[in-house]
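Student:
Chains as they are written, first to last, in my numbering: chain E, 1 to 300; chain B, 1 to 368.
#1: At a CB-CB cut-off below 8 Å, which residues of chain B make contact with residue 81 of chain E?
#2: Taking DSSP as the reference, what is the three-state secondary structure of residue 60 of chain E?
#3: So residue 77 of chain B is in the alpha helix (DSSP H); what residue range does that whole segment cover?
#4: Give every residue of the same chain whose Cβ lies closer than 6 Å to the Cβ of residue 362 of chain B, excluding the five residues on either side of it in the sequence, and list them in chain order.
#5: So if I threshold CB-CB distances at 7 Å, which residues from the segment 13-28 of chain B count as touching chain E?
#6: When the cut-off is 9 Å and only beta carbons count, does residue 7 of chain B lie next to chain E?
#7: Taking Cβ-Cβ distances shorter than 9 Å, what residues in chain B pair up with residue 31 of chain E?
#8: When you compare only the Cα positions, how much space is there between residue 347 of chain B and residue 152 of chain B?
#9: Quick one: does residue 146 of chain E have its CB under 9 Å from some CB of chain B?
#10: Figure out for me which residue from B/275, B/55, B/81 has the closest Cα to the Cα of residue 170 of chain B.
#11: Give me the residue from E/260, E/238, E/254, E/86 with the minimum Cα distance to residue 248 of chain E.
#12: When we look at the beta-carbon of residue 217 of chain B and count the other beta-carbons within 10 Å, is it buried (16 or more) or exposed?
#13: Which residue from E/157, E/190, E/192 puts its Cα closest to that of residue 175 of chain E?
#14: Under the assumption that residue 201 of chain E contacts residue 214 of chain E (Cβ atoms under 8 Å), give the Cβ distance between them as a whole number of angstroms.
#15: Are the segment 178-187 of chain B and the segment 253-265 of chain B touching, with three or more C-beta to C-beta distances below 8 Å?
#16: Measure the alpha-carbon distance for residue 11 of chain E versus residue 207 of chain E and round it to whole angstroms.
#17: Return the bridge partner residues of residue 188 of chain E from the DSSP annotation.
#18: Does the distance from the CB of residue 172 of chain B to the CB of residue 15 of chain B come in under 9 Å?
#19: Return the chain-ordered list of same chain residues with a C-beta closer than 8 Å to the C-beta of residue 293 of chain B, the five sequence neighbours on each side being excluded.
#20: Where residue 270 of chain E and residue 163 of chain E are concerned, what is the direct C-alpha to C-alpha distance, given to the nearest angstrom?
#21: Return the residue from the list E/73, E/240, E/251, E/282 that minimises the CA-CA distance to residue 265 of chain E.
#22: Please tell me whether residue 1 of chain B and residue 101 of chain E are closer than 9 Å, where the distance is taken between their beta carbons.
#23: Listing by chain order, which chain E residues have their CB less than 8 Å from the CB of residue 11 of chain B?
#24: Residue 206 of chain E by DSSP, collapsed to three states: which one?
#25: DSSP on residue 103 of chain E, reduced to helix/strand/coil?
#26: Just by C-beta distance, which residues in the segment 101-129 of chain E are closer than 9 Å to chain C?
#27: Among the residues of its own chain, which have a CB less than 6 Å from the CB of residue 177 of chain E, if the five just before and after it don't count?
#28: How big is the Cα-Cα spacing for residue 179 of chain E and residue 166 of chain E?
#29: Report the residue from E/107, E/173, E/145, E/17 whose alpha carbon sits nearest the alpha carbon of residue 118 of chain E.
#30: Within 10 angstroms of its Cβ, does residue 90 of chain E collect 16 or more other Cβ (buried), or is it exposed?
#31: Tell me the rounded alpha-carbon separation between residue 56 of chain E and residue 8 of chain E.
#32: Less than 9 Å between the beta carbons of residue 308 of chain E and residue 203 of chain E, yes or no?
#33: Give the secondary structure of residue 324 of chain B by DSSP, where H, G and I count as helix, E and B as strand, and everything else as coil.
#34: Against chain B, with Cβ distances strictly below 9 Å, would residue 28 of chain E count as a contact?
#35: What would DSSP say about residue 339 of chain B, mapped onto helix, strand or coil?
#36: Could you tell me whether any Cβ in chain E is nearer than 9 Å to the Cβ of residue 3 of chain B?
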């Protein structure tokens, strides 16, 4: 079982620091990287894949630098990039067979593996169709199929569910869950529900840094006392909605039930409730309206 | 590995524009040869022949005079057929292959307007020594080479145009991977940062060499079908494309094998350069434009820039030789009358550029 160790990884593009001094140790399990667009998730994952070289720091796999392992490291790797690239005129099967060859899957095994992956991702019936005829969901599934071709021990999926409808998203989650045994799966997303139920560990990224790390339970526990529920009248609900981060808003008769994320009690009568991962995400990433800048916000 | 090579070849060859270009080019060559053949005219003993029959008659006529070219043979041809000229009224050629050859090579024909046989006379004195004597001094083996002269002209045209088509095919090789965003996936695979890149380069190389050989073989076939094998053992300096001053193989067959070799060398060099440009550009279209500019730059240099060059003669000469070693000129560099040592230097330059371009493209793509 591989162990990935990231030691003070930094990536700087001209004047912008995309990833700032990130240190992590990853072993078997599903790791969900959550963060807003531009948080540095993709840059970090590209460095883990060896596509980008860090400006500073090093990545080691089982104690050896990945640059030194070179092809042996890539043998362990399955990668689905954020912008999944494909050849429009290739058929799904041809594309997978080509990538199986690139991944050095033995020829006899490759055909078997391609068929297995096509079955797993529900693309068997479309294997002879050109990829340019595929829908967004089919493309993502093809992306997952190619990432799994070499039975990778380290599976890196960057925004794998973007553009998928809810049914496809659930299907994808189930595929990932079924694969999680004996692998490191790194999943980057800004969609909380993608990782909430399947990730063993959540890593929140903001401005190139890991600001929170732990199991869903640990991460949400840290937000205890920061999430409130309050039944407000229409005018009051409007005011609270403008003043605080509201993670949910539900009409109940002539009143509105608000779920508010705030360090302090937002108003008299608000009751603390158990936070969810979405509340934690909102706590960290929701931009606060200008007129409530005076409200002091602290990190958890 | 075989699968990667095969798929890389498929990626290149699935570009329809290449096949359209090749088809149009070879169709043009065929139609031009057909036109040349049907309009071919010869006048023998007052009888005018046209088309394939005229070619056959000229070939038969030449058989009598083939072999070592001597003054006696020239005189005999003149005595039997006179000088070649153009009919002033119709503009048609009045003559056959034999008297046309002696008129063009041994008389002042090119200094006249070619319509008055009275004006035409054998060169004399220094004019003879400078422009005609070498054909007798060099013990030239004479035969019917009209078709092979045309072949040489067509070869130049086809190679220059074919290289443009090859650029369309191979310039996107690496750039397309960046553009389609497949580069990231490929470079995270076991072979994607090593053997996979070499397979891509090898596929491009195989494609360019195969297409160049294919085009040459096609040209050979159509010219052999029309003109036959006669003249292949004649001296190469009978061809207007071959210069007597630089390196030139002994016979016509040797000459064509030599320029075919130069054509293939040019195709390999083109691949090396294209691979580097493709690895440098993140966009296929940009790679294509840049490639065409680099391909045609030596033409610009030879015709414009070298006359404006501020450097001294030595640097200018080195740059010019370098330009002549580039793909646009290398296959046709026999026309530059270069000695064999210089040709070896040009081929070595091409080899170094190819190796350098290929190596740099590998590293550029691997680490981009």
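Built from N, CA and C at the ideal position, the CB exists for glycine as well. Quick caveat, the model's predicted, so the values are computed rather than measured.
Tutor: Here's the rundown:
#1: Among the residues of chain B, those whose CB is under 8 Å from the CB of residue 81 of chain E are 181, 184, 185, following chain order.
#2: Residue 60 of chain E: strand per DSSP, three-state reduction.
#3: Residue 77 of chain B -> alpha helix (DSSP H) spans 71-81.
#4: Excluding residues within five positions, the ones whose Cβ falls inside 6 Å are 197.
#5: Here the close residues are 14.
#6: Output row for residue 7 of chain B: interface = yes.
#7: Within chain B, no C-beta atom comes less than 9 Å from the C-beta of residue 31 of chain E; the nearest is roughly 18 Å away.
#8: The straight-line gap from Cα to Cα measures roughly 21 Å.
#9: It does; some Cβ of chain B falls within 9 Å.
#10: Nearest C-alpha to residue 170 of chain B among B/275, B/55, B/81: B/275.
#11: Nearest in C-alpha terms to residue 248 of chain E, of all of E/260, E/238, E/254, E/86, is E/260.
#12: Classification for residue 217 of chain B: exposed.
#13: Looking at the Cα atoms, E/157 is the closest of the given residues.
#14: Yes, residue 201 of chain E and residue 214 of chain E are in contact; Cβ-Cβ is about 7 Å, under 8 Å.
#15: Taking 8 Å as the limit for Cβ pairs, the verdict is that the segment 253-265 of chain B does not touch the segment 178-187 of chain B.
#16: Distance between the alpha carbons of residue 11 of chain E and residue 207 of chain E is about 12 Å.
#17: Within the DSSP bridge table, the entry for residue 188 of chain E names E/33, E/158 as partners.
#18: Against a cut-off of 9 Å, the Cβ pair of residue 15 of chain B and residue 172 of chain B comes out as a contact.
#19: Same-chain partners within the cutoff: there are none.
#20: Distance between the alpha carbons of residue 270 of chain E and residue 163 of chain E is about 37 Å.
#21: Shortest Cα-Cα distance from residue 265 of chain E to any of E/73, E/240, E/251, E/282 involves E/240.
#22: In contact: residue 1 of chain B and residue 101 of chain E (Cβ atoms closer than 9 Å).
#23: Within chain E, the C-beta atoms nearer than 8 Å to that of residue 11 of chain B come from 87, in chain order.
#24: Correct three-state label for residue 206 of chain E: strand.
#25: Three-state result, residue 103 of chain E: coil.
#26: The structure shown contains no chain C; the protein chains it does contain are E and B.
#27: The residues are 198.
#28: One Cα belongs to residue 179 of chain E, the other to residue 166 of chain E, and the distance between them is close to 20 Å.
#29: That would be E/145, whose Cα lies nearest to the Cα of residue 118 of chain E.
#30: That one is buried.
#31: Near 7 Å, if we compare the C-alpha coordinates of residue 8 of chain E and residue 56 of chain E.
#32: Because chain E spans 1 through 300 in this model, residue 308 of chain E falls outside it and cannot be assessed.
#33: Per DSSP, reduced to three states, the secondary structure at residue 324 of chain B is helical.
#34: It does not; no Cβ of chain B falls within 9 Å.
#35: The three-state secondary structure of residue 339 of chain B, taken from DSSP, is coil.
#36: Yes, contact with chain E.
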